[in-house]
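*Asks:* Shown below is the structure under consideration.
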Amino acid sequence: MKQYLLDTHTLLWMQDDNNMLSNKAREILEDSSCNLYLSVASFWEISIKQSLGNLKLEYTLDELSESCSSNNILILPIQISALNKLKNLPFLHRDPFDRIIISTALDMNFSLITKDINVHRYDVKLVW
Numbered sequence: 128m129k130q131y132l133l134d135t136h137t138l139l140w141m142q143d144d145n146n147m148l149s150n151k152a153r154e155i156l157e158d159s160s161c162n163l164y165l166s167v168a169s170f171w172e173i174s175i176k177q178s179l180g181n182l183k184l185e186y187t188l189d190e191l192s193e194s195c196s197s198n199n200i201l202i203l204p205i206q207i208s209a210l211n212k213l214k215n216l217p218f219l220h221r222d223p224f225d226r227i228i229i230s231t232a233l234d235m236n237f238s239l240i241t242k243d244i245n246v247h248r249y250d251v252k253l254v255w
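Listed below in structure tokens is the structure:
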């Protein structure tokens with residue numbers, strides 16, 4: 128089975144049924160044979176952006192978590208092994224959430240579903 132880690136914006140665009148998702152990303156998200164994962168760091172990122180007034184959502188984090196469950200997206204904790212990858216990750220940019228998500232994808236050997244141009248600079252399997 129193919130395994131994919133969703134970037135934060137991928138989850139939000141999926142939740143909002145946003146047309147910003149690529150056809151390939153939408154295909155994967157709708158394919159029941161794919162295993163989908165999300166780092167808990169995405170919820171942390173959303174929470175911080177909301178508290179700063181940089182992100183307005185029509186749903187709560189609890190509702191978003193329930194949506195993950197109903198869409199068979201497993202929420203992963205941050206693992207020590209991912210943090211070991213993080214300490215060696217090049218500083219191509221400094222976004223801490225992107226960096227832990229990238230490290231998690233590397234650690235778990237997952238493809239990362241992201242449009243983020245900064246993430247595309249890293250040596251991680253990407254899908255968009």
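Residue numbers (the numbering used here): 128 to 255. All C-beta atoms, glycine included, are put in the ideal place defined by N, C-alpha and C. All of these numbers come straight from a predicted model, not from anything done at the bench.
1. Looking at C-alpha atoms only, which residue of ASP234, ILE202, VAL254 and SER160 is the closest neighbour of TRP171?
2. Taking only beta-carbon atoms, is LEU216 less than 9 Å away from chain B?
3. Would you decide whether MET128 is buried or exposed? Buried here means 16 or more other CB atoms lie within 10 Å of its CB.
4. Identify whether ASN162 lies in helix, strand or coil by the three-state DSSP scheme.
5. For a test of the three-state rule: what should DSSP assign to ILE202, helix, strand or coil?
6. For ILE227 versus LEU210, is the C-beta spacing smaller than 9 Å?
7. Would LEU163 and ILE173 be called neighbours here (beta carbons separated by less than 9 Å)?
8. What number of angstroms, rounded off, separates the C-alpha of ARG248 from the C-alpha of GLN130?
9. First and last residue of the alpha helix (DSSP H) that includes LEU191?
10. Of the residues THR187, LEU233 and PHE218, which one's Cα is nearest the Cα of GLN142?
*Replies:* Taking the geometry as given:
1. Numbered from 1 along the sequence shown, position 44 holds the residue referred to as residue 171. Of ASP234, ILE202, VAL254 and SER160, the residue nearest in Cα terms is ILE202.
2. The structure shown has no chain B; it contains just one protein chain.
3. Against the sequence shown, residue 128 aligns to sequence position 1. MET128 comes out exposed.
4. As a working mapping, residue 162 is identified with position 35 in the sequence shown. Strand.
5. To locate residue 202, count along the sequence shown from 1; it is residue 75. Strand, per DSSP.
6. Sequence index remark: in the sequence shown, residue 227 carries index 100 (1-based). Sequence index remark: in the sequence shown, residue 210 carries index 83 (1-based). In this structure, LEU210 lies closer than 9 Å to ILE227 by Cβ.
7. Taking the first residue of the sequence shown as position 1, residue 163 is located at position 36. Taking the first residue of the sequence shown as position 1, residue 173 is located at position 46. Cβ distance not < 9 Å, so LEU163 and ILE173 don't count as in contact.
8. Working through the sequence shown from its first residue, we reach residue 248 at position 121. Working through the sequence shown from its first residue, we reach residue 130 at position 3. Going from the Cα of ARG248 to the Cα of GLN130 covers about 21 Å.
9. As a working note, residue 191 is residue 64 in the sequence shown. Taken as a continuous stretch (DSSP letters only), the alpha helix (DSSP H) holding LEU191 covers 188 to 197.
10. Walking along the sequence shown from the start, residue 142 turns up at place 15. Looking at the Cα atoms, THR187 is the closest of the given residues.
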